[in-house]
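Residue numbers (the working numbering), protein chains in the order written: chain D, 1 to 337; chain L, 1 to 98. We put the beta carbon where it would ideally sit given N, CA and C, even for glycine. Predicted model only: the values in this text are computed from it and were never measured. Only one structure is covered here, and it is reproduced in the block below.
Okay, here's the thing in structure tokens:
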């Protein structure tokens, strides 16, 4: 459910790398372009240019990693949820994220990369995931705000991905989007309940919104003008709507929701523009965003360490399952002999 | 024949029947050590909201697929046989639905 709408180079920081001129077979390339132009779909066994494959592997695996790492900030609250009902809901949501990660890893595997390779990329810190998870979830309202705003932003990003030109990715996104709306609604509803509570509870909601609002706007990626890879993604039908357009849609959809909830969005420049028929909003701090992408956010190290520990702690389970299967196979062979 | 020693959990293709009377439909894949575990995990991954009443799991390597490069010659023979479709035949209107 969580994606940074753009695909950050895994060696982020070195931006604006010049496009490599195509050395692909022109005949195959023409057939591929024609299919994309006709809004057709590319399937795993079809010929595709190397750069298309690489872009997809990077984007889908980053998306998968984001789902998996996204389980951590919310997982912290499972044992602290304020009621059994909220706890059951949160467990279901976190379980969904795990499932979404799996749909996406499977889609990436169809491009010829292995699960182990992708996990190795994540665990070594080489591969990126959505920066939003490198911020802490300090109070219970953060869990609600993650559902309302973070998942809300993710939905904006993901709906157009359901029409992505790569078949397995678009099918995975259809499945993800079906499950996603529960995530946003449960978050918003949890906040509505808090807003009917004490002054202190309302202050918690406002505090969480203040801390997360700008990070959510950054989730859509750099402005179109600074997003050199976007045009190629659009050309290939991987990206359908530009970063700025999606961000605007998100702002326009969120302002009335904030009003109903009774919170303020922390942006003095946020106001309705009659001429544009959209809300204007202030400047996003991209310096801070890139700093977090590059690994220096408040929780980058902790998230990665938790993820690696969980993987290592589960090693004996994976080994035991394999050992059991091998034993069963040997027994079957002996009986057959 | 010797089965090669497993190093990582193999890939399985998952087919789910959404309700009695409908076919099993491919819905995705997952890694599992064996068939029983694949079934168990498929239940958790693909039927969390009662999407199914039955699950098939098939080792991905057991599937033989047609080669997309042969798509032309493989499917071409059907292309010029429009007489296989009911709309090829003109029937007088007074005959009604047929």
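is_contact[residue i, chain L] using C-beta, thresh 9 Å
i                      : result
residue 151 of chain D : no
residue 303 of chain D : no
residue 95 of chain D  : yes
residue 138 of chain D : no
residue 318 of chain D : yes
residue 113 of chain D : no
residue 322 of chain D : yes
residue 185 of chain D : no
residue 348 of chain D : The requested residue 348 of chain D does not occur in the structure, where chain D is confined to residues 1 to 337.
residue 92 of chain D  : yes
Residue i - DSSP class collapsed to helix/strand/coil
i                      : result
residue 85 of chain L  : coil
residue 236 of chain D : coil
residue 215 of chain D : helix
residue 80 of chain D  : helix
residue 48 of chain L  : coil
residue 53 of chain L  : coil
residue 14 of chain L  : strand
residue 256 of chain D : helix
residue 99 of chain D  : helix
residue 111 of chain D : coil
residue 26 of chain D  : helix
residue 7 of chain L   : coil
residue 263 of chain D : coil
residue 59 of chain L  : strand
Cα-Cα separation, residue i to residue j
i                      : j                      : result
residue 1 of chain L   : residue 337 of chain D : Because the pLDDT of residue 1 of chain L is 39, which lies under 50, any placement of that residue in the model is unreliable, and the question is left without a value.
residue 324 of chain D : residue 288 of chain D : 49 Å
residue 92 of chain D  : residue 150 of chain D : 17 Å
residue 250 of chain D : residue 152 of chain D : 8 Å
residue 24 of chain D  : residue 95 of chain L  : 57 Å
residue 241 of chain D : residue 160 of chain D : 7 Å
residue 233 of chain D : residue 162 of chain D : 14 Å
residue 87 of chain D  : residue 244 of chain D : 36 Å
residue 219 of chain D : residue 195 of chain D : 26 Å
residue 75 of chain L  : residue 81 of chain L  : 11 Å
residue 290 of chain D : residue 65 of chain L  : 44 Å
residue 90 of chain D  : residue 73 of chain L  : 53 Å
residue 143 of chain D : residue 327 of chain D : 44 Å
residue 226 of chain D : residue 69 of chain D  : 27 Å
residue 62 of chain L  : residue 12 of chain L  : 9 Å
residue 280 of chain D : residue 63 of chain D  : 29 Å
residue 170 of chain D : residue 311 of chain D : 28 Å
Cutoff 9 Å: residue i Cβ touching any chain D Cβ
i                     : result
residue 37 of chain L : yes
residue 24 of chain L : no
residue 44 of chain L : yes
residue 28 of chain L : yes
residue 7 of chain L  : yes
Residues that DSSP places opposite residue i in a beta bridge
i                     : result
residue 42 of chain D : D/166
residue 29 of chain L : L/13
residue 24 of chain L : L/17
As an exercise, report each continuous alpha helix (DSSP H) stretch of at least 4 residues that is fully enclosed by the segment 267-323 of chain D, in chain order. Secondary structure within the segment 267-323 of chain D: the alpha helix (DSSP H) runs of 4 or more consecutive residues, fully enclosed, are 286-291 and 300-313 (chain order).
Quick check on the DSSP output: what are the complete alpha helix (DSSP H) runs of length 4 or more inside the segment 124-210 of chain D, in order along the chain? 140-145, 151-161 and 167-195
Would you list, in chain order, the members of the segment 35-63 of chain D that have their beta-carbon closer than 7 Å to a beta-carbon of chain C? In the structure shown, chain C does not exist; the protein chains are D and L.
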